[in-house]
Amino acid sequence: MNSDWQKLADLWYRKREVYPAQWADDPDRLHLCVVAGAPYGGPVATVRDEHVFQPVKGSLRTELQIWTSAGRLIQSAPWAHTGLLAMGWSAQETLVCVFESGLVRTFTVMCEPLHVFTVDERIMSEGGAIAAALWPNGIALLTRKFNIFVNTSLTRSEDACQRFADFKVPSAPLSLCVLPPPSEESADVQVIVGTSEGPVLMVDRHSCRDIGLTEGPFMAFALSSSGRLLACLSTKGVFKVLAVSDNLQVLDVANIVDTIKKPKQMVWCGDDCIALYLIAQTPSNSLQHILFVGGPQNDWIPYQYDAPLHLVSECDGCRVLGTNKIEFVQRVPPSVEQVFGIGSVDPPAMLCYALERYESGDVCAQESLRPIKLELPDAVSTCIDAALCEQPPHSSNLLRAASFGRHFLSDTLEPDRHREACKNLRICVELRKSPVEIPITAAQLEKLGIAGLSLRLAQRHFHLLATRICEWTGHSEEKVLYHWACEKIRHSTAYTDEQLCQIILSKFQHCPGIGYAEVARVAAEMVRTVLATSLLNHEPRSHAQVQVLVQLSQEGDEKNREIMLRIALDKAARSWDPDLIHLALSAASGGGICKRGADIQTVARLVKERSFDLQVISDMVTSILSKAEQFDRARMLCDQLDRKRPAAYCALQRIYRQANYEERMKLLRFSKDLFAISDPTATDAEKTSMQFASQACAEEIDLLRAQVSLEDQAAAKHWKGNTRFAGLSLTSTLIRLIEIGEVLEADNLRTQMKVSDKRYWRIKIRGLSNASNFEELNAFATHRTSPIGYELFIDTFLKHGRNDFALALVPQIKGAEQQAQYYLRMGMAEEAQRARSQGQERSGAGRLLNMLGVGR
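Listed below in structure tokens is the structure:
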């Protein structure tokens, strides 16, 4: 068991064969191809390397090939692309291919194209990209002008693309490494750049700084799977480990050789050490492939190979893809070391020994447990941990030992943990088998999660296995069913829409609450309209229904478009969600109600069909158009819907945007006529309101006509001051006439518009005051008895400092106290006291007359 262990400093490491490689028929495959291996025991992608001389073998057609971890071909597809710069796998296990032009192509594990986008058009203007670094959720590109572009998405560019701060270097950097953001939602990416001159730079969106790393230049970087450690290798053979979270402080330094060529690969083996793959030339001119594992305390384990390799970093080790076999290098876990260590007498080892004695029929097996009675709970737990790190039959033996030990415990020890360990091990064992061939470990499964595993199985079309795992572990199988349904729609051309709908419904009925809209959207993309609409009838979310129906309306002929729009508007109206109604109406209008060329007739026809919520929807559309100042369209819609009152309101709103008085007059007459038409659906209050609005429009017409006449007179007679009247209110018009001295014209307009005395007197006071014509205002006050009293006159005079005119009018005030207040405001205390005295005398005489009964 421990014969393949090797000591590295004070730790043990081991290398185990996982599979014999099934691609051994082509020993040069890993040398002639660009290779990318996915973590968590994932697939391996290969495509011909343009920079390596290719001997002619068989077909000349280049293919993208994806293999299992055992080297069995999953799928292949023709490859007609050139300029491949880098290739890797995303967090969702989609293949990402980055090209020198800045173009990015992504593929499924079945070699089906997913997304194609350009990171940034400026990359080509800078001569293209010369280096790329990938992380599970993004890409960093270095251009020929030594600028860095980072894209934090693998499905699009646009807002996800950022140009990082400039860094001035005379020659091309040796290597790039990305420090990913702390979360997928964050855009705080940092890029480590190893320059040819020696300094190592850390570049982000805003700045560039030297991290102060000596003994450079550094030609290779590797970030651990946890993101906590950064390994750096210099051209002088110096190896350093930095703490990412501690401002890149140096934790360890080692020296491999005095000088070293750039390694083929440098990846982390878990979070414990580095796996370094070098190619060296022997004295016989043959190539020797060497894998160094180590780093801590400058201790290294060399493994020699005769054929090329490819390394895939895992969270608990390193997968070594060889021409003849697939191996796994890892640190021996402490729990395994306690059980299987040479000469180990630790409690877990003694527990396993006791089990062996018991199974061999030794009646004294219990004696082996007596020395570890107090440590037995820890021994059971350690055996479970060790089982999770082993493969059958050792894992089975360790689990039996844990069960054996639990029988001697008074308290049941973590039954759930034991049960979960058995489940995880069983899953791992099944996944290692053909045809799945995913050599995932329990530690990797715990990090990936059942949800991530089931999605990966679904992407490789192992839907039944993924569903069974979800059922067995109690996880939702919704995503697996969704993926299965989408693939079924894409590839089941022999089924009719009705048959396919029944097949999907029969599978989905066991998963309540599952969404049908996403599946219907795929059906719409495959131009299966009947299937899409049938599935949407089972979708519980209105917004999802409407979005897919709008998408369906954009496909097919005009008849199909109107049917889909009618259903979409019906679903939106039933939900009473204004956003959905707006979405449906925008689609009906051809992309936007307010856009030029919007199809208002189609909108009106669809809305008119919905008599029970006609008013709500039409008011909503009218409001949208009015806010966009598209009053003609709003009026047209109301006319077609036979809604006179909203049409009149729309016309009124447009009046005040018109500079031409003839257009205003036309719209006023139109509004007046619409308001005058009786609406049989209107209430009594609404009818009264419409009659008032009609009369107001008529008065507005008379006022506008009078204002135009006044402007003509002003031009003919050369009136002074501001002579623009059209568009003003009646009050403003009268005030302006009085301000410019045309009081006679103001009197005539007042008579024509039937303004009351009280209202006109107040207007005239305001106009004369604004014009500072106080002599005329005083004459107006004394001309005849004021119908509004004299308080407003006095206040106006006092406001403008004309106490002389105000003083003469104070005796006209009836209240003695009010007279006294005005006197006080003018600083006349004696007159104020006299007014109060006279008022008291008058009030006393009045009381006396009342007592004598005079006047009764």
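Numbering-wise (our numbering), the sequence shown opens with residue 12 and increments by one.
Even glycine gets a Cβ: it sits at the ideal position worked out from N, Cα and C.
Is the number of C-beta pairs between the region 442-455 and the region 392-407 that are closer than 8 Å three or more?
With a cut-off of 8 Å, the region 392-407 and the region 442-455 count as touching, because enough Cβ pairs lie within range.
Is the region 322-340 close to the region 50-58, with three or more CB pairs under 8 Å?
Yes: the two stretches touch, three or more of their Cβ pairs being nearer than 8 Å.
Cα-Cα, which of Q103, Q724 and S80 is closest to H321?
Nearest C-alpha to H321: S80.
Hey, how far is the Cα of L542 from the Cα of V252?
Note on geometry: alpha-carbon atoms of L542 and V252 lie some 57 Å from one another.
Coarse secondary structure for V865, derived from DSSP in three states:
With a pLDDT of only 47 at V865, under 50, the local geometry of the prediction cannot be trusted, and no value is derived from it.
Do E750 and N789 have their C-beta atoms closer together than 7 Å?
In this structure, N789 does not lie closer than 7 Å to E750 by Cβ.
To which residues of the same chain is R25 closer than 6 Å at the C-beta, ignoring the five residues directly before and after it?
Contacts found: D15, W16 and V343.
Taking Cβ positions, are C708 and L679 nearer each other than 7 Å?
Against a cut-off of 7 Å, the Cβ pair of L679 and C708 comes out as a contact.
Anyone know if the C-beta pair for G305 and L19 falls short of 7 Å?
Their beta carbons are under 7 Å apart, which means G305 touches L19 by this criterion.
Confirm the yes/no value for this check: CB of R428, any heavy atom of the ligand COA, distance under 6 Å.
What this structure holds is no ligand at all, so the ligand COA is not there to describe.
Who are the near neighbours of Y506 in its chain, counting only those whose CB is closer than 8 Å to its CB and skipping five residues on each side?
Taken in chain order, the residues that qualify are I514.
Distance, Cα to Cα, P551 vs L234?
Within the model, the alpha-carbon separation for P551 versus L234 is close to 45 Å.
Helix, strand or coil for R552 per DSSP?
Assigned with DSSP and collapsed to three states, R552 falls in coil, not helix or strand.
So, with DSSP's three-state summary, where would you put Q823?
Correct three-state label for Q823: helix.
V905 versus F250: straight-line alpha-carbon distance, rounded
What is shown of the chain runs 12 to 867, which leaves residue 905 out entirely.
Please classify N435 as buried or exposed, where buried requires at least 16 neighbouring CB atoms within 10 angstroms.
N435 is classed as buried because its beta carbon has at least 16 other beta carbons within 10 Å across all chains shown.
Just curious, the beta strand (DSSP E) that E786 is in, first and last residue?
Here E786 belongs to no beta strand (DSSP E); instead the alpha helix (DSSP H) covers F785 to H794.
Taking C-beta to C-beta, are A91 and V109 nearer than 7 Å?
Not closer than 7 Å, so no.
Starting from H321, trace the beta strand (DSSP E) in both directions and tell me its first and last residue.
Element bounds for H321: L320 to E325.
To the nearest angstrom, how far is it from the Cα of L511 to the Cα of G113?
Here the alpha carbons of G113 and L511 stand approximately 41 Å from one another.
Reduced DSSP category for L735 - H, G, I as helix; E, B as strand; rest coil
As written in the sequence, residue 735 is Arg, which differs from the Leu given in the question. In the three-state DSSP reduction, R735 falls in the coil class, being neither helix nor strand.
If we ignore side chains and look at the alpha-carbon of each, how far apart do L362 and R411 end up?
Each residue's alpha carbon lies about 10 Å from the other.
Quick one, are the C-beta atoms of S207 and S236 less than 7 Å apart?
Between S207 and S236, the C-beta spacing is not below 7 Å.
Alpha carbon to alpha carbon, what distance is there between V340 and I383?
For I383 and V340, the distance between alpha carbons rounds to 32 Å.
At which residues does the alpha helix (DSSP H) containing G778 begin and terminate?
Under the DSSP assignment, G778 falls in the alpha helix (DSSP H) whose first and last residues are D768 to N781.
In whole angstroms, what is the alpha-carbon distance linking N548 and E482?
Approximately 27 Å, taken between the alpha carbons.
Please state whether the Cβ-Cβ distance between W78 and V55 is less than 7 Å.
Going by C-beta atoms, W78 is nearer than 7 Å to V55.
Indicate the three-state DSSP secondary structure (helix, strand or coil) for A88 in the structure shown.
The answer is strand: DSSP assigns A88 an E or B state.
For K499, I'd like the list of residues in its chain whose CB is within less than 8 Å of its CB, leaving aside the five on either flank, ordered along the chain.
Around K499: L511, I514 and I515.
With respect to the beta strand (DSSP E) encompassing R813, which residues constitute its N-terminal and C-terminal limits?
Where R813 is concerned, there is no enclosing beta strand (DSSP E), given that its DSSP letter is neither H nor E.
Residue closest to A535, alpha-carbon to alpha-carbon, out of S848, Q562, E169 and A704:
Nearest neighbour of A535 by Cα position, chosen from S848, Q562, E169 and A704, turns out to be Q562.
Complete runs of the alpha helix (DSSP H) confined to the region 372-424 [at least 4 residues]:
For the region 372-424, the full-length alpha helix (DSSP H) segments reaching 4 residues or more read 387-399 and 405-417 along the chain.
S465, buried or exposed, once every other Cβ within 10 Å from all chains shown has been counted against 16:
With 16 or more neighbouring CB atoms inside 10 Å of its own CB, S465 falls in the buried class.
Kindly indicate which three-state DSSP category N435 falls into: helix, strand or coil?
The answer is helix: DSSP assigns N435 an H, G or I state.
Near R722, what residues of its chain come up, given a Cβ to Cβ distance below 8 Å and the 5 sequence neighbours on each side ignored?
The residue asked about is misnamed: residue 722 is Glu in this sequence, not Arg. T734, R735, F736 and A737.
Considering only C-alpha positions, which residue in the set T504, E529, E509 and F118 is nearest to H494?
Among T504, E529, E509 and F118, the Cα nearest to that of H494 belongs to E529.
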